[in-house]
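Participant:
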Amino acid sequence: MKDTKDKNGTDFKGFAGHSVTLSNKVDDEITRIGRGTPAGEYLRRYWQPVFISSDLTELPVAIKILGEELVLFRDKSGQLGLVHKHCPHRQASLEFGICREKGIQCCYHGWHYDVDGTLIEVPGQPTATADMIKNKVRLGAYPTFEFKGLIFAYLGPIDEKPEFPIYDSLEFEDMEMVPYKAPFNCNWLQVLDAIVDPIHTAFLHSNMSRQQFSVGFGEVGQMDFFERDNWILGCNTRRVGDNVWFRINEVVLPNFTQAGAAFRADGTKQIYYGRSSFSRWVVPIDDETTICYAWANFGKRGDPQAYNTPEGPELIEQGEVFDRPYEERQRFPADREACEGMGAINIHKNEHLVRSDRGVAMMRQRIRKQIRTVISGNQPYLASKIAGMPIPTYGGDSVLSIPKNEKGDDASLLSKLAHEFVDIQFQVDGKSEQQRIKIVTAGLKEMQSRHNSKIK
Ligand code: FES
Ligand SMILES: [Fe+2]
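Counted from 1, the sequence shown has number 35 at position 42 by our numbering; the numbering is strictly sequential.
(1) Given 7 Å as the limit, tell me if L197 has its C-beta closer than that to any heavy atom belonging to ligand 2.
(2) Take F177 as the anchor and find which of F145, E310, H193 and E426 has the nearest alpha-carbon.
(3) Measuring straight from C-alpha to C-alpha, what distance separates K262 and T250?
(4) Give me the pocket residues for ligand 1, defined as CB within less than 7 Å of any heavy atom, sorted by chain position.
(5) On the criterion of 16 or more Cβ atoms from any shown chain inside 10 Å, does R83 qualify as buried, or is it exposed?
(6) Would the beta-carbon of V115 fall within 8 Å of that of G96?
(7) With a 10 Å radius around its C-beta and 16 neighbouring C-beta atoms as the bar for buried, classify L346 as buried or exposed.
(8) How big is the Cα-Cα spacing for Q372 and P150?
(9) Which two residues bound the contiguous alpha helix (DSSP H) that contains Q72?
(10) Answer yes or no: the CB of T454 versus the heavy atoms of ligand 2, is any distance below 7 Å?
(11) Per DSSP, what kind of secondary structure is H79 in: helix, strand or coil?
(12) Below 8 Å CB to CB, which residues in the same chain sit around I23 once its five sequence neighbours on both sides are set aside?
(13) Under 7 Å: does the beta carbon of D350 sit that close to some heavy atom of ligand 2?
(14) Count the CB pairs spanning the segment 147 to 162 and the segment 369 to 384 that are closer than 8 Å, and state whether there are at least three.
(15) Less than 8 Å between the C-beta atoms of W288 and V171, yes or no?
(16) Looking at V19 and I452, is the spacing between their C-beta atoms short of 8 Å?
(17) Classify A254 as helix, strand or coil using the three-state DSSP reduction.
(18) I'd like to know if the segment 234 to 244 and the segment 183 to 195 are in contact, where contact means that at least 3 CB-CB pairs between them fall below 8 Å.
(19) Who pairs with G389 in a beta bridge, going by DSSP?
(20) Is there contact between the segment 401 to 413 and the segment 221 to 233, where contact requires at least three CB pairs shorter than 8 Å?
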């Protein structure tokens, strides 16, 4: 072996820049989302949010979703249209089209399309020719659905279109839902991964940057992961004095995410059954760009109304506003910096996953399986078919008073409690929200007094 010491005796043996090799092979199967790609076809089986209603004016707008160039518009009768960007005649962009009482008219030669893509008028042509063209030509269009200030679209095969999924959290009467969007310049999967990587809140959002959420987030806590059908849950259970703080992050596959409060909860005050502070979809724009479309949920069981400001949803999303000077981003990094810093598409082969990354591994594996299900011609999981509607969700915080058992190991106690906590919530699937609040609260109180009597 060659001598790695210099003439002063300093040994450079550990410098591995030249010997550590890095892959440049992207995990195409689960990252790339264009039309015809495995992940792209999988994601197209679900309704995706594509725009915020209040941002849509009387003019059409060019948007990109799942790598497709599209135009979104509202015709004069109020109907939404989401169509291929280019007019089938000679490919002018319909973003320069004119919204009519019914549909949109291309600016170049006036071909007029309904919101479903039917060609309804071909001006300047003899009637017989126009009729023949109308029978032959169709503009590509996708179904849309508007709900509480977000516009959704279904980009998949039309005979596979599922019902729009109403999650229970979209109907909470005690929460104010405020639509927002958060853009990331990177692949969708690395943005989605963060939700099943709850340990990062202790580092990125607390100890490595500045305190971006409540103080209690600085504690690593116990991490337990749960999976069934479409759901992946990560329960982060922290000890805060005599209290136990449960915080569930959840993904409903393929890309719907929720988590507990960013600012209301810190483990110091009892909370029975707090619910998610945001309901959010991680939507691929193209392979290297992502937008999270979401509602921030304000109210007693979400984040405080004090954060219902223009910047508030961004602070809930990632602890910092998105648009800020580069130097500040370096000093106080948040999710945007962590996710985008991985590169346009994170190369999984270069990662070293550890025990606390179980949620990430679990989710990617489940996504891969679902992708293969679709590719082999079968139906992927649909939460609405499995659990009925409204679809139960679990993201949120609860804080119980259960002191340490001095005789036992606290980490095992926290893990045991996390399992009981999740089980109590699974048992109320299918019940109304009012019944769930009652049953879960009673279950948590019972769990608390049972453990406390064991400790005494
Ligand atoms: S290009 Fe649209 S009508 Fe001709
Ligand atoms: Fe984060």
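Every residue gets a Cβ at the ideal spot worked out from N, C-alpha and C, and that includes glycine.
Predicted model only: the values in this text are computed from it and were never measured.
Facilitator: Straight from the coordinates:
(1) yes
(2) E310
(3) 25 Å
(4) C80, H82, R83, Q84, A85, C99, Y101, H102, G103 and W104
(5) exposed
(6) no
(7) exposed
(8) 12 Å
(9) Run containing Q72: none; DSSP gives neither H nor E here.
(10) An answer regarding residue 454 cannot be provided, because it is not within the stretch -6 to 449 covered by the chain.
(11) strand
(12) P31, A32, L182, R357, I360, R361 and I364
(13) no
(14) yes
(15) Remark: C-beta atoms of W288 and V171 approach each other more closely than 8 Å.
(16) Missing from the structure shown is residue 452; the chain here goes from -6 to 449 and no further.
(17) coil
(18) yes
(19) I241
(20) yes
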